[in-house]
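Comments concern the structure below.
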Amino acid sequence: MSYQLLILLLAVVIGLYLFRIYRKAAKVDQKLIPEEETTEQVLAKQVPFYQKLSAPEQQVFEERVQLFLHKIKITPINNAAVTMQDRVLIAAAGIIPLFRFKNWMYNNLNEVLVYPDRFNKDYELEGNERDVVGMVGDGAMHRTMILSLPYLRAGFANDTDSNTAIHEFVHLLDKSDGATDGIPEAILQDDNVKPWISLMHEYIKEIRQHDITDINPYGATNEAEFFAVVSEYFFQQPERLQEHHPELYTLLNAAFNRTADTE
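Residue numbers (our numbering): 61 to 323.
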């Protein structure tokens, strides 16, 4: 056997040995790193609204989530660790307010920016007054939404009446008639506009006077924030809202669950 052939055989043996070690290590790594969940798994585990739908409705919801992800760009900012699960949650938050409106998508949204933490009103991650966790942009940021990643996740992890992403998508829905004013004319039936305005002002007054304590006081900031806050409540804990605030629940249900004229 020539010297060159011996070297070649030795190289092959060493190569096979290293390949086997690599294969074993790869198998260990695969066990340590969980695979990405499917859209259906994320929704079934983390989205109560989806969990309450019938099987055919769940399939429609999944399809609309995929359509959202196809049309709306989701961009991590400053190395925010956005996973596929996070993208599905963003899409779900967008679909929830519009689910009963079969042919409606957000024509006033092109992109969702995901920040790694809270930010200020100038979209900055450093400095004082970083108390913003979600925002619908104006001016140069028109057609853009900003979400804080930890608060996006918290909205789907906790059994509360709060969900930052749903809150911001409700603002977009409110804005679709040209004004972010808490009067969602695009979904309110004409006969319910005046009752809604009257009830909204009554509630804002009572929240400010601390007569109502189970609604986030941020909802008393103005009419737009009231609509967004009580819509979070409606989608997160509908039974509780119906029990404590039946008139408010009835008007929101009539708005969000209109189906007869929204095909």
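Each residue gets a CB set at the ideal place from its N, CA and C atoms; glycine is no exception.
Is DSSP giving Met-205 helix, strand or coil here?
The three-state secondary structure of Met-205, taken from DSSP, is strand.
Identity of the residues DSSP links to Val-172 by a beta bridge
Bridge partners of Val-172: Ile-134 and Met-205.
Is the segment 197 to 207 close to the segment 161 to 176, with three or more CB pairs under 8 Å?
Result yes; three or more Cβ-Cβ pairs closer than 8 Å.
Can you tell me where the alpha helix (DSSP H) holding Met-260 begins and where it ends?
Where Met-260 is concerned, the enclosing alpha helix (DSSP H) stretches over 250 to 268.
Residue interval of the alpha helix (DSSP H) (run including Met-165):
Here Met-165 belongs to no alpha helix (DSSP H), and DSSP marks it neither H nor E.
So what's Val-120 in DSSP terms, helix, strand or just coil?
DSSP places Val-120 in helix when its eight states are reduced to three.
Give the single residue among Leu-312, Tyr-278, Thr-224 and Ile-137 whose Cα lies nearest to the Cα of Ile-247.
Nearest of Leu-312, Tyr-278, Thr-224 and Ile-137 to Ile-247, Cα basis: Leu-312.
Please state if the CB of Pro-157 and the CB of Leu-209 are separated by a distance shorter than 7 Å.
Cβ atoms of Leu-209 and Pro-157: not closer than 7 Å.
Hey, how far is the Cα of Gln-297 from the Cα of Glu-283?
The straight-line gap from Cα to Cα measures roughly 21 Å.
Tell me where the beta strand (DSSP E) around Gly-194 begins and ends.
Residues 194 to 196.
So His-231 is in the alpha helix (DSSP H); what residue range does that whole segment cover?
Counting along the chain, the alpha helix (DSSP H) containing His-231 begins and ends at 224 to 235.
Using 8 Å for Cβ pairs, my map puts Gly-194 next to Glu-245. What's the rounded Cβ distance?
At roughly 23 Å, the Cβ-Cβ gap does not stay under 8 Å, so Gly-194 and Glu-245 are not in contact.
Rounded straight-line distance, which links the Cα of Lys-265 to that of Ile-93:
Interpretation of Ile-93 is limited by its pLDDT of 35, a score under 50 that renders its predicted location unreliable; the figure taken from the coordinates is listed afterwards. Distance between the alpha carbons of Ile-93 and Lys-265: 51 Å.
Among the candidates Thr-99, Pro-108, Thr-273 and Asp-237, whose CA atom is the shortest distance from the CA of Gly-215?
Nearest to Gly-215 by C-alpha distance, out of Thr-99, Pro-108, Thr-273 and Asp-237, is Pro-108.
Where DSSP assigns a beta bridge to Phe-179, which residues make up the other side?
Answer is Val-192, bridged to Phe-179.
Residues of its chain near Asn-188, where Cβ-Cβ distance is below 8 Å and the 5 sequence neighbours each way are ignored
Excluding positions up to five away in sequence, the list reads Asn-180.
Which whole-angstrom value is the C-beta distance of Leu-340 and Glu-122, which I expect to be below 8 Å?
The requested residue 340 does not occur in the structure, where the chain is confined to residues 61 to 323.
Terminal residues of the continuous alpha helix (DSSP H) containing Tyr-278?
For Tyr-278, there is no enclosing alpha helix (DSSP H), as DSSP marks it with neither H nor E.
Just to confirm the assignment, what range does the alpha helix (DSSP H) spanning Gly-313 have?
Looking at the sequence itself, residue 313 is Asn, so the reference to Gly does not match. Element bounds for Asn-313: 306 to 316.
Identify which residue in Phe-294, Leu-185 and Leu-127 has its Cα closest to the Cα of Asn-139.
Leu-185 is the residue among Phe-294, Leu-185 and Leu-127 whose C-alpha sits nearest the C-alpha of Asn-139.
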